[in-house]
Amino acid sequence: MDKRFVVGIADMKMARGDGALITYALGSCIGVCLYEPRIRLAALVHIMLPLNMETNRKNPLKYADTGIRETLRKMEEQGAMRSQIVAKIAGGAKMFDVPGSGNLGNIGQRNIESAHLVLRKEGIRLLREDVGGNVARTLLFDAQNGQAVVRSFGKPELVL
């Protein structure tokens, strides 16, 4: 894991063989780890919102629906077979308690539901997840073996 690639908010990066992908500040956002073990291709997308309702779609990676699909497309361009890709997700916390706001205060839950739905529709098997709660997470994804590690303040490290 010599090479580390930082994935920003509403961003995606890929690594093949060696290297690791890392994203910080997963509060209500979701980190979606996609892995094709046959060619050891890893992709990590950091999504902010559940659905892309932008008319111009300036950044499809910002949203669960378009971000996951765009990442899968790019993986297939690199030789990944859709039937071999598996997923792990982390994030979707409820970071703020907004009284009287309905679903506005729980964007994390809506992100979780959207990620689940898109993965299911795209035929991608979700292996493990660490979602919900009320703490931010850091997600580290190893391209060598597809292992994801979640770090949260005050909690033990969790291997997905």
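Going by UniProt numbering, the letters in the sequence shown line up with residues 1 to 160, in that order.
From the three backbone atoms N, C-alpha and C, an ideal C-beta is built for every residue, glycine too.
Rounded to the nearest angstrom, the gap between the Cα atoms of Leu-34 and Thr-138 is 16 angstroms. Glu-36 is the residue among Thr-55, Met-12, Arg-4, Glu-36 whose C-alpha sits nearest the C-alpha of Arg-125.
Per DSSP, the continuous alpha helix (DSSP H) segment holding Arg-120 begins and ends at 107-121.
If one requires a minimum length of 3 residues, the beta strand (DSSP E) runs lying completely within the stretch 7-95 are 12-16, 20-26, 30-36, 41-47, 86-91, in chain order. Between the alpha carbons of Arg-73 and Phe-96 lies a gap of roughly 34 angstroms. In this structure, DSSP gives Ala-136 a state outside helix and strand, which the three-state scheme calls coil.
Across the structure, Thr-23 and Gly-92 are spaced so that their CA atoms are roughly 14 angstroms apart. One Cα belongs to Leu-117, the other to Asn-59, and the distance between them is close to 20 angstroms. Between the C-alpha atoms of Gly-79 and Leu-41 there is a straight-line separation of about 9 angstroms.
C-alpha of Asn-52 to C-alpha of Glu-70: approximately 12 angstroms in a straight line.
Per DSSP, reduced to three states, the secondary structure at Phe-153 is coil, with no helix or strand assignment.
Per DSSP, reduced to three states, the secondary structure at Ala-148 is strand. DSSP places Leu-127 inside the beta strand (DSSP E), whose first and last residues are 125-131. Here DSSP, grouped into helix, strand and coil, assigns Leu-160 to coil.
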